[in-house]
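Residues 4 to 698 in my numbering are what the sequence shown spells out, letter by letter.
What follows is a set of notes on a single structure, which appears directly below.
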Amino acid sequence: MSKHRTVGSTCASAMASSWSFKLLLVLLSIVSLASFFPALPALSSPRGHHSKSEGGDRGFWIADDKFWKDGQPFQIIGGDLHYFRVVPQYWKDRLLRAKALGLNTIQTYVPWNLHEPSPDGMADIESFLRLAQELGFLVMLRAGPYICGEWDLGGFPAWLLNIEPALKLRSSDPSFLQLVDKWWGVLLPKILPLLYSKGGPIIMVQVENEFGSYGDDQPYLRHLVALARRYLGNEIILYTTDGGSRDLLDKGTIRGEEVYSAVDFSTGDDPWPIFQLQKKYNSRGKSPPLIAEFYTGWLTHWGERIAETDANFTAAALEKILSLNASAVLYMAHGGTNFGFFSGANTGENEMDYKADLTSYDYDAPIKESGDVQNLKFEALRNVSQKYSRGSLPPFPSNNERTRYGPVKVSKVASLLELLHVLHDPMGVIERDQPVPMESIGQLYGFLLYTSEYSQKKTGSIISIPKVHDRAQVFIQCSLNDNERSLRFIGAIERWSNRELAVPYIKCSSKVSLLILVENMGRLNYGPYIHDRKGILSSVFVDGIILHRWRLYPVSFNNLSSVLTVNPIMQVADPQNEDMTEEPRFYQGSFFIDHKNQVKDTYISFHGWTKGIAFVNNFNIGRFWPVKGPQCSLYVPAPILQHGENIVVCLTLSTDWPRISFWSKLLLLPDHPCNFFHRRARMYSDLAFNSCDSL
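Okay, structure coming up:
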């Protein structure tokens, strides 16, 4: 019940008493004072968080434990679809497929790190939201500032990790809040015209994300609420989402009448007791049952089995929820792809138990990574949503066309170290006495090369790096004579299996150069270790002695095709004579598309390869790691391709085979790594890439 209605009822009873005259004077005083103070917003108003547009009774609000849209009860049948995991040219296609699934609402995160410091392309959230409205969707916007979402650093920009003293992320730390204020001061004014009360599609805005699973800091949450109200006003419904248990809701919800508390829980759990618990965290009459994350599948890390859920089981769980007149948002309706270096990571029992997410965010969702809908899960969920939709659904869509462009021969262009002079700014070489994290020199993603020198012993040496995030390839190099330098791979040191490396004695005419290439495989997006800096985070020891005087080389992949064209060292790789060192190398190949109508979606198969990243026409399509599995191929949406010549560049972190293949489907092998037939591939490389469909 709102404060206004409480005051009103008190004054009415007082005027009926014998002291009516005195109290009338008091009432007049209160009315006079009220003119100096703004009204307090309250969900308990019958039309709380609702405004009427000039054109009629347009509004979205909560009353009688229901959502109301334009004066009518409304059941949200929604789905998460993240604009930043889909190329913009396919936004409309994916949204139309979500419409055919029976959804009336789209939920999406806003990743801070995509919009700062370079907001372009896939970061054009305003265009996405307007398109969603054009297609008839409402929108639930998850504005952060933390989003989780299996996205690098949970959506926080990595430069936050370079601030000293270290920020306390997701807290009421004043230094952190100052930066959040600045970010939302840019984001929320752009969102304001798109609120439903202003004629836009946004009906609700989420504050933080599952905070009850992380901390207990009410001042932080209340600061976010006040900030949202400052920019968005009092009409919009603000909401939180937390797991459906008392301890999580105690810490993650914001008590009072300003913020609506939604829940999430495991697919198949009995929804009724959780929705009853949800009521305890909302004002009376202000708790329409809503599961804000109904899991249609689950995430998968490298080296794990593919996470899958049964279609009929998932559909039955959804129907049980909707039959209670509850609302549900499918997480995910369409997963998409973690293009570039944006895939996140999780940990197990400690921060060394590191688990990086796949490039594919297919999530076993009903709309597959490539947009496919002709599958049992899409059909089963569509059948359920049809029962609870007010009108008929659009026709069942067909899958997008895909094609196989066949095998492509790739040639070794150069090693990464050979191209180091053009892959970094010569003025950008950093000198430090000790190694420093990537973030401290502005290298937010990708790779950083650390180099130093040491005097070797004739008995060999032991190299150790107590803390490296995430994977280091260690090389030594020395001068054999005036004209020749040798490079030798020593081994890899990995965050999850840290070990010392034995370095053999080699005859040198000078000190030994130590080269350590560190790969950032994705920052943690969830849990207590989220302050996840990358690079070498400790001293480096040679025979127990700290090594000093380091040079750091940030590696850039901007305009990679042009760099490789200008600096050719083309060597056609020969499997019989290939130098089997573990030196990172660039391979490049090309293929032609003769007609515009032949430009279609495809996949690149990396069977027989080990680990690396791939670019198509300078677009980073993501990481591949088939030797670890279970993802064997990378999705290439048609808008990345072009009529005529298309350039493929692969940076492989160890020796691979000089052939890639384009396939018409995603290869996700649930029971074994992709290189199940790796040895066979090395024996029969021409056959290996013609056998993938048979596996």
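The C-beta atom is built at its ideal place from N, Cα and C for all residues, glycine as well.
Which residues DSSP lists as bridging residue i, in chain order
i: N165; result: Bridge partners of N165: none, in fact.
i: W71; result: W64, P76
i: H304; result: D360
i: T243; result: S264
i: L141; result: T108
i: E350; result: The question names Glu, but residue 350 is Thr in the sequence shown. Answer by DSSP bridge pairing, in chain order: Y357.
i: I466; result: L504, V545
i: R474; result: E497, E522
i: L84; result: H337
i: A331; result: I80, I294
i: R552; result: DSSP lists no partner for R552.
i: Y453; result: I519, L555
i: V208; result: L144, L241
i: L198; result: I205
i: Q480; result: L490, S516
i: W154; result: S346
i: Y539; result: One point to set straight first is that residue 539 is Ile, not Tyr, in the sequence displayed. For I539, which the question treats as bridged, DSSP gives the partners V471.
i: I370; result: H337
Residue burial classification, residue i (beta-carbon count within 10 angstroms, cutoff 16)
i: F24; result: Its pLDDT being 35, under 50, F24 is placed unreliably in this model, and the coordinates cannot settle the point.
i: K514; result: exposed
i: H551; result: exposed
i: A368; result: buried
i: I465; result: exposed
i: P571; result: Interpretation of P571 is limited by its pLDDT of 49, a score under 50 that renders its predicted location unreliable; no figure is taken from the coordinates.
i: P120; result: exposed
i: L327; result: exposed
i: M573; result: At M573, the pLDDT of 43 sits below 50, so the modelled position is not reliable; the number obtained from the coordinates is stated separately. That one is exposed.
i: N315; result: exposed
i: P629; result: buried
i: R249; result: exposed
i: L379; result: exposed
i: W187; result: buried
i: G202; result: exposed
i: H424; result: exposed
i: M430; result: exposed
i: Q634; result: buried
i: A417; result: buried
Residue from the options whose Cα sits closest to the Cα of residue i
i: G236; options: L191, A319, N523, E211; result: L191
i: N285; options: A320, R536, H304, I240; result: I240
i: L280; options: S264, R97, S269, G271; result: S264
i: I479; options: F450, K510, T317, E497; result: K510
i: V477; options: A359, I519, F179; result: I519
i: H610; options: N623, F665, S593, S564; result: F665
i: G592; options: I444, G449, V413, E586; result: V413
i: L540; options: S489, A417, E586, V521; result: V521
i: I150; options: G139, E119, W115; result: W115
i: D83; options: A66, E354, G339, E648; result: G339
i: T312; options: G538, G300, W305, D176; result: G300
i: N422; options: Q459, L563, Q377, N315; result: The amino acid at residue 422 is misidentified as Asn; the sequence shows Leu. Here the closest residue by C-alpha is L563.
i: G449; options: N561, L197, Q377; result: N561
i: Q459; options: T613, Y242, I548; result: I548
i: D356; options: D535, R405, I194, Y223; result: D535
i: L144; options: W94, L197, S175, K95; result: L197
i: D96; options: I370, L419, V387, W162; result: I370
i: F131; options: P148, F595, L156, R88; result: R88
i: H226; options: G247, S290, K201, V262; result: V262
i: I109; options: V90, L138, G74; result: L138
i: K69; options: K358, L251, K282, V376; result: K282
i: G647; options: P633, V639, H598, I607; result: H598
i: T303; options: F214, W154, L182, D267; result: W154
i: I701; options: V543, G463, G259, L361; result: Here the chain comprises residues numbered 4 to 698, so residue 701 is not present and cannot be evaluated.
CB contact check: residue i to chain B, cutoff 9 Å
i: E211; result: Absent from the structure is chain B; it holds one protein chain and no more.
heavy atom of the ligand PLP below 8 Å from residue i C-beta
i: K171; result: Absent from the structure shown: the ligand PLP. Ligands present: none.
- Query: Between the region 495-503 and the region 460-474, are three or more C-beta pairs nearer than 8 Å?
  - Reply: Counting Cβ pairs under 8 Å, three or more are found: they touch.
- Message: What ranges does the beta strand (DSSP E) occupy inside the region 582-666, keeping only unbroken runs of at least 3 residues that lie completely in it?
- Response: As far as the region 582-666 is concerned, its whole beta strand (DSSP E) runs of at least 3 residues are 588-596, 605-608, 615-619, 622-627, 636-639, 647-655, 662-666.
- Query: Is there contact here, the region 226-233 with the region 154-174, by at least three beta-carbon pairs under 8 Å?
  - Reply: Per the Cβ contact rule, the region 226-233 is not in contact with the region 154-174 (fewer than 3 Cβ pairs under 8 Å).
- Query: Per the contact definition of three or more C-beta pairs closer than 8 Å, is the region 285-300 in contact with the region 324-344?
  - Reply: With a cut-off of 8 Å, the region 285-300 and the region 324-344 count as touching, because enough Cβ pairs lie within range.
- Query: Does the region 343-350 come close enough to the region 527-540 to have 3 or more Cβ pairs within less than 8 Å?
  - Reply: They touch, by the three-pair rule.
- Cβ contact (3+ pairs, closer than 8 Å) linking the region 97-104 and the region 316-327: Judged by Cβ distances under 8 Å, the region 97-104 makes no contact with the region 316-327, as fewer than three pairs qualify.
- Message: With three or more beta-carbon pairs closer than 8 Å as the criterion, would you say the region 612-620 touches the region 646-653?
- Response: With the rule of 3 Cβ pairs closer than 8 Å, the region 612-620 counts as touching the region 646-653.
- Which whole runs of the beta strand (DSSP E) in the region 386-447 are 3 residues long or more, in chain order? Correct list: 409-412, 414-418, 433-435.
- Please determine if the region 382-391 and the region 544-561 are in contact, where contact requires at least 3 C-beta pairs separated by less than 8 Å. The region 382-391 is not in contact with the region 544-561.
- Query: Is the region 393-405 touching the region 413-422 in the sense that three or more CB pairs, one from each, lie closer than 8 Å?
  - Reply: Fewer than three beta-carbon pairs drawn from the region 413-422 and the region 393-405 are found closer than 8 Å, and the two stretches are therefore not classed as touching.
- Task: Could you say if the region 244-258 and the region 204-214 meet the contact criterion of at least three C-beta pairs nearer than 8 Å?
- Result: Yes, they touch.
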